[in-house]
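Trainee: Once you've had a glance at the structure underneath, I'll fire off some questions.
In this note's numbering, the protein residues as written are 101 to 213.
Below is the structure:
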C-alpha cells in the first residue's frame, strides 16, 4: 500500500502539477514537499488538510489509502448537492467537522438496514 508521500506524489503527477506549484498551493516549500513525497518527512495535520482540499480527496484517504474511489472529489449531480457542497465549504472547520461526522453516521446507519 502506498505511503502518504507516495499518494501525494501520485495525485500531483496525475494532475500534471510541478512540485513548486503543489507546494505553493498547500503552503509549504518545494524541498519540504520533496521530503514528504520521498518518505523522509511526514506532513503535519494542517498540511494534510490543505493537500486533501487542494487535490479533492478526503483526509482519511490521504492518510490511510482506504477506498480511493469513494473519496475522490465528487461532482454535484443536482442543485441540492451543489448547494450542500457550497454551504459545507463556507463553514469553519469546527462547525463542518461535526456535521460531516453526523452525515457519515447517518449514511452508515442507513446502509446497515
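Glycine included, C-beta positions come from ideal geometry on N, C-alpha and C. This one's a predicted model, so the numbers in the text were calculated from it and none came from an experiment.
#1: Give the straight-line distance between the Cα atoms of residue 127 and residue 152, rounded to the nearest whole angstrom.
#2: One question on the structure: do residue 109 and residue 165 come within less than 8 Å of each other, judged by their Cβ atoms?
#3: Would you please verify whether the beta carbon of residue 157 is less than 8 Å from any beta carbon of chain D?
#4: Excluding five sequence neighbours on each side, which residues of the same chain lie with their C-beta closer than 7 Å to the C-beta of residue 192?
#5: I need the straight-line Cα distance from residue 171 to residue 158, nearest angstrom please.
#6: For a test of the three-state rule: what should DSSP assign to residue 115, helix, strand or coil?
#7: Would residue 169 be called buried (16 or more neighbouring beta carbons within 10 Å of its own) or exposed?
#8: For the alpha helix (DSSP H) that residue 147 lies in, which residues bound it at each end?
Mentor: Short version:
#1: 12 Å
#2: no
#3: No chain D appears in the structure shown, which is made up of a single protein chain.
#4: Closer than 7 Å at the Cβ level, and outside the excluded window around residue 192, lies no residue.
#5: Summary for residue 171: the model assigns pLDDT 41, below 50, so the residue's position carries little reliability, and this model does not support an answer.
#6: coil
#7: Caution is warranted here: a pLDDT of 48 is assigned to residue 169, below 50, making its placement in the model unreliable, and no coordinate value can be reported.
#8: In the DSSP assignment, residue 147 falls within the unbroken alpha helix (DSSP H) covering 145 to 155.
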